[in-house]
Amino acid sequence: MLDDDQLDRYARHIILKQVGGAGQKKLLSSRVLVIGAGGLGSPLILYLAAAGVGTIGVIDDDMVDLSNLQRQIIHTTDQIGKLKTGSVRDMIGRINPDVEIITISERLSADNAEEIIAEYDIIADGCDNFDTRFVVNDVCLKLKTPFVSAALSQFDGQISTFKGYLEDAPCYRCFIPHHPGDVGNCAEAGILGAVAGVLGTMQAVEILKELLDLGDSLAG
């Protein structure tokens with residue numbers, strides 16, 4: 001049962017016939033893991049928290065740097081030098097008390113990925129390297145967990161949802177079977193900050209669509 005504050009907070013969701021009270025309660029009981037609290041993760045986490053996703057896990061081992069603030073809008077100047085996960089926890093605590101934030105201040109790897117990913121309903125990949133994406137793909141394939149992946153470069157971005165465990169649905173390795181080599185990163189190639197905002201917000205939309213079974217999935 002939604003309480004009075006929740007009925008008010010999520011009123012614009014609840015009025016949507018495709019969501020309603022039942023859909024909002026589903027969001028409040030959902031668990032999403034966000035890999036990376038950077039340019040993609042920042043708007044993604046903010047919108048998931050505002051939407052009332054009940055449990056949001058965030059894994060990132062990085063510290064907030066001044067150069068991050070041009071696009072990583074969840075962090076602020078007074079958080080420079082602090083763990084990004086701590087910065088996220090502080091911000092989300094101020095945005096929505098309904099949300100439980102689980103922070104993991106380490107890098108996702110082949111050694112810890114399965115144990116971590118197994119605790120969540122869906123994964124949001126906002127990392128900046130192919131090695132991590134391959135690990136996420138392989139574990140999600142094994143656990144039959146959907147994941148929404150996005151990537152950025154300069155003025156462009158791409159996004160897709162992967163459910164390779166379904167018949168005729170491709171996995172990430174179907175598109176990129178091997179490491180493509182050095183393709184540069186934001187520090188080397190640059191990035192228009194708002195591009196990260198657009199793609200991270202699109203990830204939030206796709207995550208919410210998957211949790212609520214709305215519209216057409218990007219999978220396949």
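Under full-length UniProt numbering, the first residue of the sequence shown carries the number 1, and numbering increases by one thereafter. We put the CB at the ideal spot given by N, CA and C, even for glycine.
Give the secondary structure of residue 100 by DSSP, where H, G and I count as helix, E and B as strand, and everything else as coil. strand
Return the CA-CA distance between residue 22 and residue 216, expressed in angstroms with no decimal places. Between the alpha carbons of residue 22 and residue 216 lies a distance of about 20 Å.
Look up residue 31 in the DSSP assignment and give the residues it is bridged to. DSSP lists 55 as the beta-bridge partner residues of residue 31.
From which residue to which residue does the alpha helix (DSSP H) around residue 204 run? 193-212
Residue 219 versus residue 98: straight-line alpha-carbon distance, rounded: 30 Å
Where does residue 20 sit, in a helix, a strand or coil, going by DSSP? helix
Use the C-beta contact count for residue 85: other C-beta atoms within 10 angstroms, 16 or more gives buried, fewer gives exposed. buried
Do residue 18 and residue 2 come within 8 Å of each other at the CB atom, strictly closer than that value? no
Count the other CB atoms, across all protein chains shown, that sit within 10 Å of the CB of residue 140; report buried if there are 16 or more and exposed otherwise. buried
Using the Cβ count rule (16 or more neighbours within 10 Å means buried), how would you classify residue 60? buried
What residues match up with residue 189 in a beta bridge as DSSP calls it? Paired residues: none, contrary to the question.
Please classify residue 178 as buried or exposed, where buried requires at least 16 neighbouring CB atoms within 10 angstroms. exposed
Cβ-Cβ distance between residue 58 and residue 37 below 8 Å: Their beta carbons are under 8 Å apart, which means residue 58 touches residue 37 by this criterion.
Let me make sure I understand the geometry here. Which of 11, 193, 116, 114 has the alpha-carbon closest to that of residue 153? Looking from the CA of residue 153, the closest CA among 11, 193, 116, 114 belongs to 193.
DSSP state of residue 64 mapped onto helix, strand, coil: coil
The beta strand (DSSP E) with residue 158 in it runs from where to where? 156-162
Whose C-alpha, out of 151, 188, 136, is nearest the C-alpha of residue 163? 136
In chain order, what residues of the same chain have a beta carbon less than 7 Å from the beta carbon of residue 47, not counting five sequence neighbours either side? 201, 204
As a quick exercise: from 122, 169, 161, 62, pick the residue whose alpha carbon is nearest that of residue 29. 122
Can you tell me which of 104, 213, 34, 73 puts its alpha carbon nearest to the alpha carbon of residue 149? Ranked by Cα distance from residue 149, the options 104, 213, 34, 73 are led by 34.
According to DSSP, is residue 50 helix, strand or coil? helix
Go to residue 152, then tell me how far its beta strand (DSSP E) extends in each direction, as first and last residue. 147-153 is the extent of the beta strand (DSSP E) around residue 152.
Exposed or buried, residue 161, counting other C-beta atoms within 10 Å across all chains shown (16 or more means buried)? By the 10 Å Cβ count, residue 161 comes out buried.
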